[in-house]
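J.: The numbering of the sequence shown is the working numbering, which starts it at -6 and goes up by one.
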Amino acid sequence: MIEEPPSQGPIDEVAVAEYLFKRLGQIGVRSIHGIPGDYNLVAIDYILKSGLSWVGNCNELNAGYAADGYARVNGVGALVTTFGVGELSALNAIAGSYSEYVPVVHIVGYPSRAAQKDRLLLHHTLGDGDYEVFSEMFKPISCAVSRLNDPEEAAALIDNAIRECICQSRPVYIGLPSDMVTKKINANQLKVSPDLSYPPNDPEKEEYVVDAVLECLRKARSPAILVDACAIRHRAVQETHEFISESGIPAFVSPMGKGAIDETLPNYGGVYAGSGSNKGVQECFESADLVISIGAIQSDLNTAGFTYRLPALKCIEFHSYGVKIRHSEHPGVRMNGVLAKLTRKLSSLNRASDFEKTAVQLNELQTTSQLDHPQTASRSPISQAWFWSRLGQWLKPNDIVITESGTSSFGIWETRFPKGVTAISQVLWGSIGYATGACQGATLAAQELGIRRTILFTGDGSLQLAVQELSTMIRNKLNPIIFVLCNDGYTTERLVHGMEATYNDVQEWRYKDLPLTFGGRQDEVLTYRVETEDDVEELFQDEEFGDVDTKKLRFVELVMLWDDAPKVLKKIVKSVERRNA
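Below, the structure is given as structure tokens:
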């Protein structure tokens, strides 16, 4: 008689949508952004059932911006749109996340599989029965595209998409047909947390690279470190910080890398962006005989029009995909492991005293840089040069600072951050209006993580593209501090072309009335208008305004001259003009 195998017990089952949202919860997503539509409504029901929160934005583009901002603070974000009209509205935001290495899970509610198979001419289609056309559009801007058409494959496709999203730090696309939402699948996999760790480097290759870098450092007389955005995006900030702290080597950031370094360190040198840099910073950095570049993205605005001075013969490049030592390439040797091991071996250099000498020089450099800008407030109009230099003294440790494409993104280069400040901007993609949507998502993530201040700087023209998200902030009881730079239009575009052209003008709004217009109560919001430097000083000294524990949204009209701009922006515009010509 053949014995039957022991019983495995009943298999736990869960709906596909619940599996998806519970997986997102396991990787740290607490809130989902998006817009309801008839193809995703049942799926949205499972967000609350899975223990997550639904935000609900004013449009899909803003939802994409918000998910991006949420991800930059939280580590990963998610949004839900509907098929066709909804997903295409979010396409610009997803492209920005892809361009700037931001992990966002984009879930699209699809028509049923039967409707797709029969090629029915449903609403939100192009009327040709093609249900793959939109997902094909997202393939170039997603590191994985998964359409959940088979219950047997759904869990594996979801897990793979989430892993790719985190490990590649880029958006993924998950198509969820309406009839697949409630299909039951095996829930046992949810008992095992997804493995999101990077594969370890080959030990021999890693050791070789570390020794080669150490040898370069032994020979260098004046090395420097440049930290860029991919150090942040590919989760190498801790390793980078430890390396900078232990080595004492002068360390600089690119515009996209701002916030990656503790700017209170004695060996922090400032923002390097080629000819767009402060003169002292440029001279100090470019005099280095060895540059250790970490996570570089050498785009036009990040390099002030490709004016970096990084000859290959004196450069070591650390990336997520490998290390390059001068002209020698080492693919597959990820920077995280190399930096960690390099830091542990720094003691073998016996050069700490040499590097410490640079701290005095860097402190002198920072003092000189600050003297370039007037420090005394007056009744005169608020100048860009004065404001961004003054701002650093008002910021607090662990603030989140968001700057819109335009004058604020360039002005912030001159702001010295306290320890732990997170900087968010879209230097590479540069979609105007991004920062307002991103502020909503970043503030929500900060609130969930216990971070108390999120601060937005946006222009009046930029705000008009995404202002509806102010209502989303109010509805979700978020409390950012919002500065609207009121300078009568698109100042950056004016500098590029058409200084007094009407197409660079915008209608002047009563900006500080907006919080009440969008439903805020008098006891929930604080509004201000500042027109002079003395007004700014008074505002910065206002305890209620700067209070990290207040629950009130604070909204400031910051009036600036229409033709004023940061010096660095004026320099970069010249290179933009040459390229456009």
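Glycine included, every Cβ here is placed at the ideal spot set by N, Cα and C. Quick caveat: nothing in here was measured; it's all calculated off a predicted structure.
Pick helix, strand or coil for L72, following the three-state DSSP scheme.
T.: Within the sequence shown, residue 72 is the residue found at index 79, counting from 1. In this structure, L72 counts as strand in the three-state DSSP scheme.
J.: In its own chain, which residues sit with a C-beta less than 7 Å from the C-beta of I37, not counting the 5 before and 5 after it?
T.: As a first step, residue 37 is located in the sequence shown; it is residue number 44 there, counting from the start. The residues are P29, W47, V73.
J.: Any chance the segment 296 to 308 sits against the segment 161 to 174, with 3 or more Cβ pairs inside 8 Å?
T.: no
J.: Indicate the three-state DSSP secondary structure (helix, strand or coil) for N179 in the structure shown.
T.: Position 186 of the sequence shown, counting from 1, holds the residue named residue 179. Looking at N179 - three-state DSSP - the assignment turns out to be strand.
J.: Spatial neighbours of S0 within its chain, please: CB distance less than 6 Å, with the 5 preceding and 5 following residues excluded, ordered by chain position.
T.: Within the sequence shown, numbered from 1, the residue matching residue 0 stands at position 7. At S0, the pLDDT of 45 sits below 50, so the modelled position is not reliable; the number obtained from the coordinates is stated separately. Taken in chain order, the list of residues that qualify is empty.
J.: Have a look at S568 and S280 and give me their C-alpha separation to the nearest angstrom.
T.: Within the sequence shown, residue 568 is the residue found at index 575, counting from 1. Within the sequence shown, residue 280 is the residue found at index 287, counting from 1. Each residue's alpha carbon lies about 23 Å from the other.
J.: How is E208 classed by DSSP in three states: helix, strand or coil?
T.: In the sequence shown, the residue the question calls residue 208 occupies position 215. E208: helix per DSSP, three-state reduction.
J.: Starting from K272, follow the beta strand (DSSP E) in both directions and report where the run begins and ends.
T.: By one-based count along the sequence shown, residue 272 stands at place 279. Element bounds for K272: not the beta strand (DSSP E) but the alpha helix (DSSP H), 272 to 279.
J.: Quick one: give me the first and last residue of the alpha helix (DSSP H) that A148 is part of.
T.: Residue mapping note: residue 148 aligns to position 155 of the sequence shown, counting from 1. Unbroken alpha helix (DSSP H) run through A148: 144 to 161.
J.: Cα separation between G33 and Q109?
T.: Position 40 of the sequence shown, counted from the first residue, corresponds to residue 33. Position 116 of the sequence shown, counted from the first residue, corresponds to residue 109. Note on identity: in this sequence residue 33 is Asn, with Gly being the wrong assignment. So the alpha carbons of these two residues sit roughly 15 Å apart.
J.: Measure the alpha-carbon distance for Q231 versus A253 and round it to whole angstroms.
T.: Translated into the one-based positions of the sequence shown, residue 231 becomes position 238. Translated into the one-based positions of the sequence shown, residue 253 becomes position 260. One C-alpha to the other measures close to 9 Å.
J.: Cβ of A60 within 8 Å of Cβ of A71?
T.: Counted from its first residue, the sequence shown places residue 60 at position 67. Counted from its first residue, the sequence shown places residue 71 at position 78. Yes, the pair counts as a contact, with Cβ atoms nearer than the cut-off.
J.: Can you confirm whether Q377, when its beta carbon is compared against all beta carbons of chain C, has any partner nearer than 8 Å?
T.: Protein chain content of the structure displayed is limited to a single chain, and chain C is not contained in it.
J.: So the candidates are V98, V35, V549, V78; which of them puts its Cα closest to the Cα of G62?
T.: Translated into positions along the sequence shown, residue 62 becomes position 69. Among V98, V35, V549, V78, the Cα nearest to that of G62 belongs to V98.
J.: Name the two residues that bound the continuous beta strand (DSSP E) containing A88.
T.: What you label residue 88 is simply residue 95 of the sequence shown in a count that begins at 1. Element bounds for A88: not the beta strand (DSSP E) but the alpha helix (DSSP H), 84 to 92.
J.: Is the CB-CB distance between I237 and L210 below 8 Å?
T.: To locate residue 237, count along the sequence shown from 1; it is residue 244. To locate residue 210, count along the sequence shown from 1; it is residue 217. No, Cβ-Cβ distance for I237 and L210 is not below 8 Å.
J.: Helix, strand or coil for Y261, going by three-state DSSP, please let me know.
T.: Mapped onto the sequence shown, residue 261 falls at position 268. Residue state, collapsed to three classes: strand.
J.: Which of the three DSSP states, helix, strand or coil, is assigned to W422?
T.: Here residue 422 corresponds to residue number 429 of the sequence shown, with the count starting at 1. Coil.
J.: So, do the segment 377 to 387 and the segment 453 to 473 have three or more beta carbon pairs nearer to each other than 8 Å?
T.: Fewer than three beta-carbon pairs drawn from the segment 377 to 387 and the segment 453 to 473 are found closer than 8 Å, and the two stretches are therefore not classed as touching.
J.: Quick one: residues in its chain with C-beta nearer than 7 Å to the C-beta of P179, no 5 flanking neighbours on either side, listed in chain order?
T.: Residue numbering aside, residue 179 sits at position 186 when the sequence shown is read from its first letter. The sequence shown places Asn at residue 179, not Pro. Closer than 7 Å at the Cβ level, and outside the excluded window around N179, lie I4, E6, A148.
J.: Rounded to the nearest angstrom, what separates E197 and H227 at their Cα positions?
T.: Translated into positions along the sequence shown, residue 197 becomes position 204. Translated into positions along the sequence shown, residue 227 becomes position 234. Going by the C-alpha atoms only, they are around 23 Å apart.
J.: At which residue ranges does the segment 442 to 473 contain complete beta strand (DSSP E) runs of 3 or more residues, listed in the order of the chain?
T.: Listed in chain order, the complete beta strand (DSSP E) runs (minimum 3 residues) inside the segment 442 to 473 are 447 to 452.
J.: Go ahead and label N194 buried or exposed: buried means 16 or more other beta carbons lie within 10 angstroms of its beta carbon, across all protein chains shown.
T.: Position 201 of the sequence shown, counted from the first residue, corresponds to residue 194. Looking at its Cβ environment, which holds 16 or more other Cβ atoms inside 10 Å, N194 is buried.
J.: Out of C479, P324, Q386, V316, point me to the one whose CA is closest to S376's CA.
T.: Within the sequence shown, residue 376 is the residue found at index 383, counting from 1. Closest option to S376, Cα to Cα, is C479.
J.: Mind checking L456: buried by the 16 CB within 10 Å criterion, or exposed?
T.: For the purposes of this step, residue 456 is identified with residue 463 of the sequence shown, where counting begins at 1. Label assigned to L456: buried.
J.: Alpha carbon to alpha carbon, how far is F76 from P411? Give it in angstroms, no decimals.
T.: Numbered from 1 along the sequence shown, position 418 holds the residue referred to as residue 411. Numbered from 1 along the sequence shown, position 83 holds the residue referred to as residue 76. Computed Cα separation, rounded: 44 Å.
J.: Restricting to runs no shorter than 4 residues, where is the alpha helix (DSSP H) found entirely within the segment 495 to 535?
T.: 507 to 510, 526 to 533
J.: For S135, tell me which candidate among P96, H117, I393, L113 has the shortest Cα-Cα distance.
T.: Residue 135 sits at position 142 when you count from the first residue of the sequence shown. Checked all of P96, H117, I393, L113; the closest Cα to S135 is P96.
J.: What does the Cβ neighbour count give for D481, buried or exposed, with the cut at 16 atoms within 10 Å?
T.: Locating residue 481 in the sequence shown gives position 488, counting from the first residue. Buried, because 16 or more other Cβ atoms sit within 10 Å of the Cβ of D481.
J.: Helix, strand or coil: how does DSSP classify K15 here?
T.: Within the sequence shown, residue 15 is the residue found at index 22, counting from 1. Looking at K15 - three-state DSSP - the assignment turns out to be helix.
J.: How many Å lie between V22 and A438 at the Cα?
T.: Here the question's residue 22 lines up with position 29 in the sequence shown. Here the question's residue 438 lines up with position 445 in the sequence shown. The alpha-carbon atoms of V22 and A438 are separated by roughly 9 Å.
J.: Under 8 Å Cβ to Cβ from N181, same chain only, skipping five residues before and after it: list those, please.
T.: If you number the sequence shown from 1, residue 181 lands on position 188. Counting only Cβ-Cβ distances below 8 Å, and skipping sequence neighbours, we find I4, D5.
J.: Compute the beta-carbon to beta-carbon distance between V220 and G267, rounded to the nearest angstrom, for a pair I have assumed lies under 8 Å.
T.: Within the sequence shown, the letter at position 227 stands for residue 220. Within the sequence shown, the letter at position 274 stands for residue 267. Wrong, their Cβ atoms sit about 16 Å apart, outside the cutoff.
J.: Can you tell me the Cβ-Cβ gap for G288 and A224, rounded? I've got them flagged as a contact below 8 Å.
T.: Stepping through the sequence shown from its first residue, residue 288 is reached at position 295. Stepping through the sequence shown from its first residue, residue 224 is reached at position 231. G288 to A224, Cβ: 4 Å. Contact.
J.: Short of 8 Å in beta carbon distance, which residues of its chain neighbour P144, apart from the five on each side in sequence? Order them along the chain.
T.: Here residue 144 refers to the residue found at position 151 when the sequence shown is read from its first residue. Closer than 8 Å at the Cβ level, and outside the excluded window around P144, lie V9, M173, K176, K177, I178.
J.: Within 10 angstroms of the Cβ of D506, are there 16 or more other Cβ atoms? Answer buried if so, exposed if not.
T.: As a working note, residue 506 is residue 513 in the sequence shown. Exposed, since its Cβ has fewer than 16 Cβ neighbours within 10 Å.
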